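Line order of the protein sequences matches chains A and B. Residue numbering for the first sequence follows UniProt numbering, starting at 1 and increasing by one per position. Residue numbering for the second sequence follows UniProt numbering, starting at 1 and increasing by one per position. To keep things clear, I will list the structure first and then write my remarks on it.
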Amino acid sequence: MEKPFAITLAVNSSLNNHTGSWRVEKPEYVHRMPPCNSACPAGENIQNWLYIAEDGSYEAAWRALIIENPFPAIMGRVCYHPCENVCNRAELDQSVGINSIERFLGDYAIEKALTIPAPAVESGFKVLVIGAGPAGLSAAYHLRSMGHSVTVRDATHAPGGMMRYGIPQYRLPREVLDAEIHRIKDMGVTFEMNTRVDDVHEALDEGFDALFLAIGAQLSKRAYIPASEAARILDAIKVLHGVEDGTQPLLGRKVVVYGGGNTAMDVARTAKRLGAQETIIVYRRTRDKAPANDEEITEALEEGILVKWLSTIKHVDEKTLQIEKMALDENGYPQPTGEFETLEADSLILALGQEVDFSLLGNSADLDTKDGVMPVDSTMMTSHPGIFAGGDMVPADRTVTTGVGHGKKAARNIDAWLRKTAFEKLENRDVVTFDQLNTWYYTDAPHIVRERLDATRRAKDFSEVVKGLDETNALFEARRCMSCGNCFECDNCFGVCPDNAIIKLGPGKGFEINLDYCKGCGICVAECPSSSIVMVPDK
Amino acid sequence: MSSTPIKFYQVGSFAIGNRLLPADDRSIQSDPSRTNALNSGHRACQGCGEALGARYALDAAMRATNEQIIAVNATGCLEVFSTPYPESSWRIPWLHSLFGNAPAVATGVAAALKAQGKSDIRVIAQGGDGATVDIGFGALSGMFERNDDVLYICYDNEAYMNTGVQRSGATPPAARTATTQAVGENPGNVFGQGKNLPRIAMAHEIPYVATATVADLRDLEAKVTKAMSFRGARYIHVLVPCPLGWGSQSCDTIKIARLATQSGLFPVFEAENGEVVASTPIRKRVDVEEYLKLQVRYSHLFAPTRRDDVINHLQSIADKNIARYNLLIDESESI
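Right under this line is the structure:
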């Protein structure tokens, strides 16, 4: 180039000057663990399906969700949503209503009759699942997705386990349950109902390569209560089962329920719906010590159910029973006070917890049991090779979601065991905490409360109590997600870099750092709302 | 407030972009094909607020004028770090003359364009606070008074940073600089001195005056775009934190600008023809201490002995701004 007089250097762009050499630390995009995901007993990737739902791609969101859990419509009704309890948004305003969005997606899929394709390749392996409850069905779904031939056996006449015979219809309408189970059937899973398995080994010898046991915990715990012969004492599980079967037990006008767990709440609310004029729950400890979910307690109280906290039942007669008041000692344990009260009761329903009924397994004595449950190893395998177990019969929380999680975990390990490989779980313990987020950027948006059926109306029949969200509400709620630890393409890093050193790769592709020019100032990290960029030493 | 807040979750219009918004509603900076008027490879320090503010402002001006702009630059960091001969980071026609004459040169460029009938080409003059409130003040006042068709943008980092952090007429009270050391009974810059240039500009009754910060991109872009819709003299004063001169972490540049606005120390407003027409309300109010404690230039207010008297004095300045520009609005109306 011809240069003007006295000019010795050609004019050039500053792009020649690679300021990246100043840097000692560099930013790096990461995927961290959102607290919701880490708390989900079914291992759902909640942040991911919320992200997909945020732009209205409900089917895609549903498909991402069912990779981990085939029952969003059920979960959206019965899950006690531990995810919401740990949601970082709670510290800003209120938790994201994850459960309500999950239900919306589940209902959307049912409404649109979305189906799950049968596996493209058959593995040739045959797996038997014993028990058609949440754990069994979840295992069947995942095993079938992996290409295995799956048979589910259950002694009852319809699949669902405690979802059908334990959870009342006002919490889980049966058409929802049926729709989500039917989808699994349509994948090619064989259901053999009304089929009790008496001998596990015999069943295995029928030509199955592996077996998943999920018989649940169906035996009500008994407590010794002195009672006159005419006293009417029932057990909660049988009452709930009977309601489902149409063999409604006679409860009388005044019903007392003994226990403080979810089953106690369910059976008390069911008794009210069956026509009991007065339902009283008796529980020996206080409300905050009760194992029942707080929402269920609240809903029960709203429906007019009375609770005698800190009380034990001492004696039961035909029309009355005697309770003793308790007081908490210095260690927080209830101790008798010697103060008694008499309640009128036509019947007493015991809801004191459940035990595994190992007699269902018959001639399976070589399977180890301990403390009334069946221990399993980290792959969910029992003491017998090829026999796996999960759900309420193994030591864990007894909730639907935990069961679904067990089914998934067992399925993945059964698959690995069959193929003689090992299932490697990707561990990510880097859970995002609230103080790591830059919450300035999130708009203020309070949580939408799901409409509930009026309390006076709902105690009369079995209509569903909690209503769903409509699309506008669900979308709003999904967009409250702060996407902890995962980029949601807000473009902050791309915009705030003083050196234009962030490359935007386009929708869904995220960003890259241009290390030629990044000076390592760290503004992108500081201004990232979701803590999905970190500074790392540059080598 | 010039920008229209978008009540749209999850980040609405607070973040730079938002994948949930139509492309037209996103900020200019979120566009992968933005012009990058100030290109990579410039020699500004890590975390420079001025480099950021200049790119934000000029990209917006380019978008508003169909890329028909000429920029005149005063001497200062922006000039030095962007154009060490023979390299330049500018991707626009760009002119540098002297420290104090940028407004006069811009006036001349505008006059020349007018004489050639090129009314579609617009002129921007820009400089730091030293060039603006001190050295070029006479020329700037003349440009205002004649209502020449120039947008003047001042990137205010509150001292002469390029030459080694000397006090300017925009240095805030109590701040330590090389020439206002933290010694004696009243350490740092003295109270009661300095100039408030946005108010001086307003006193000229020019068509448009606005303040902005690098912490609110949407607002800055809207103000530059709006300024380009006017003819005549216009002035935008942008607060740009300086990690070197303020003694702050390079990663905190935007946070500090945000705290300056949320404490009330830096009021964000706009004025037309000498009257304030809008101000950006404080969203999450903080005490001035939150802003001060991140900066070494104020560290003498906290150690070895805490100077509550000085901190309270600075708080009273913030409180006065809040009242004067009506920065606190009813919570229910905020977004």
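No residue lacks a Cβ here, since even glycine has one placed at the ideal position from N, Cα and C. All values derive from a computational prediction rather than experimental measurement.
Inter-residue CB distance, residue i and residue j (contact presumed, cutoff 8 Å)
i	j	result
B:ALA131	B:ALA74	3 Å
A:SER220	A:GLN354	6 Å
A:THR151	A:THR190	5 Å
B:ILE206	B:ALA233	4 Å
A:LEU367	A:THR382	5 Å
Reference residue i; option with closest CA among the options
i	options	result
A:ARG253	A:THR270, A:CYS497 and A:ARG419	A:THR270
A:MET187	A:VAL30, A:VAL256 and A:MET146	A:MET146
B:VAL123	B:TRP94, B:ALA139 and B:PHE266	B:TRP94
A:GLU451	A:GLU464, A:LYS460, A:ASP444 and A:ALA459	A:GLU464
A:TYR51	A:LEU137, A:ASP288, A:LYS539 and A:SER530	A:SER530
A:GLY343	A:PHE358, A:THR312 and A:GLN248	Residue identity differs from the one stated: residue 343 of chain A is Leu in this sequence, not Gly. Checked all of A:PHE358, A:THR312 and A:GLN248; the closest Cα to A:LEU343 is A:THR312.
B:PHE230	B:HIS313, B:TRP246, B:SER119 and B:ALA104	B:SER119
A:GLN47	A:GLU59, A:ARG32, A:GLY56 and A:PRO41	A:ARG32
residue 339 of chain B	A:ALA61, A:TYR29 and A:ASN16	Residue 339 of chain B cannot be examined here, being either before or after the span of chain B that is shown, 1 to 335.
B:ILE329	B:ASP25, B:LEU314, B:SER248 and B:LYS284	B:LYS284
Contact list for residue i against chain B, beta-carbon separation under 7 Å
i	result
A:CYS521	GLN46, GLY47, SER250 and CYS251
A:ALA501	SER40
A:ASP435	Here the premise fails: no neighbours, minimum Cβ distance about 14 Å.
A:PRO507	ARG19
A:TYR517	SER40 and GLY41
A:LYS504	PRO32
Contacts that residue i makes with chain A (C-beta to C-beta distance below 9 Å)
i	result
B:ILE282	Within 9 Å Cβ-Cβ: nothing; B:ILE282 doesn't reach chain A, min ~12 Å.
B:ARG43	SER14, ASN17 and THR19
B:PRO22	Going along chain A, no residue has its Cβ under 9 Å from B:PRO22, so there is no contact; the nearest lies around 12 Å.
B:LEU151	Ordered by position in chain A, no residue passes the 9 Å Cβ test against B:LEU151, which lies about 22 Å from the chain.
Limits of the unbroken alpha helix (DSSP H) element including residue i
i	result
A:CYS493	492 to 496
A:SER100	98 to 111
A:LEU92	Where A:LEU92 is concerned, there is no enclosing alpha helix (DSSP H), given that its DSSP letter is neither H nor E.
A:SER138	134 to 145
A:PRO72	72 to 78
A:VAL316	A:VAL316 -> not in any alpha helix (DSSP H); beta strand (DSSP E) instead, spanning 311 to 316.
A:TYR333	Unbroken run through A:TYR333: none, as it is neither H nor E.
A:VAL400	400 to 418
B:PHE144	137 to 145
A:PHE5	Per DSSP, A:PHE5 belongs to no alpha helix (DSSP H) and is neither H nor E.
A:ALA459	Unbroken run through A:ALA459: none, as it is neither H nor E.
Chain-ordered neighbours of residue i on chain A, where CB pairs are closer than 8 Å
i	result
B:ILE254	VAL496, ILE523, ALA526 and GLU527
B:GLU205	Those do not exist, as B:GLU205 stays about 34 Å from chain A at its closest Cβ, beyond 8 Å.
B:ASN36	ASN500
B:GLN181	Within 8 Å Cβ-Cβ: nothing; B:GLN181 doesn't reach chain A, min ~28 Å.
B:SER27	ASP491 and GLY495
B:SER89	SER13 and SER14
B:ALA51	PRO498 and ASP499
Contact test: residue i Cβ vs the ligand ADP heavy atom, cutoff 6 Å
i	result
A:GLY166	With respect to the ligand ADP, the structure offers nothing, as it holds no ligand at all.
Contact set between residue i and chain B, taken where Cβ atoms lie within less than 9 Å
i	result
A:ALA10	PRO86
A:SER378	Those within 9 Å of A:SER378 in chain B number zero; the least Cβ separation is about 37 Å.
Partner residues on chain B for residue i, Cβ-Cβ distance less than 8 Å
i	result
A:GLU489	GLY17 and ARG19
A:GLU54	GLN10 and LEU20
A:TRP22	GLN46
residue 540 of chain A	Nothing can be reported for residue 540 of chain A, as the shown portion of chain A is limited to 1 through 539.
A:ASN492	ALA15, ILE16 and GLY17
A:LYS408	Result: empty, since nearest Cβ-Cβ is about 29 Å, beyond 8 Å.
Start and end residues, beta strand (DSSP E) containing residue i
i	result
A:LYS308	306 to 308
A:LYS126	126 to 130
B:SER279	275 to 279
A:ILE323	320 to 328
A:MET535	533 to 537
A:ILE503	502 to 504
B:ALA210	208 to 213
residue 421 of chain B	Only positions 1 to 335 of chain B appear in the structure, and residue 421 of chain B is not among them; the question remains open.
A:THR151	149 to 153
Contacts of residue i in chain A (Cβ-Cβ under 7 Å)
i	result
B:ARG258	TRP440
Query - Any beta strand (DSSP E) of 3 or more consecutive residues that is wholly inside the stretch 221 to 289 of chain A - result: Runs of the beta strand (DSSP E) lying entirely within the stretch 221 to 289 of chain A and spanning at least 3 residues, in chain order: 233 to 235, 254 to 258 and 278 to 282.
Query raised in the report: At which residue ranges does the stretch 60 to 97 of chain B contain complete beta strand (DSSP E) runs of 3 or more residues, listed in the order of the chain?
Result: 69 to 73 and 94 to 96
**Report entry** 3-residue-minimum beta strand (DSSP E) runs that sit fully inside the stretch 222 to 259 of chain B, ordered along the chain
**Finding:** 234 to 239
**Report entry** Whole runs of the beta strand (DSSP E) within the stretch 12 to 54 of chain A, excluding any shorter than 3 residues
**Finding:** 25 to 29
Report task. Ignoring anything shorter than 3 residues or poking outside the stretch 148 to 189 of chain B, list the beta strand (DSSP E) runs there in chain order. Result -> Entirely contained in the stretch 148 to 189 of chain B, the beta strand (DSSP E) runs reaching 3 residues are, in chain order, 150 to 156.
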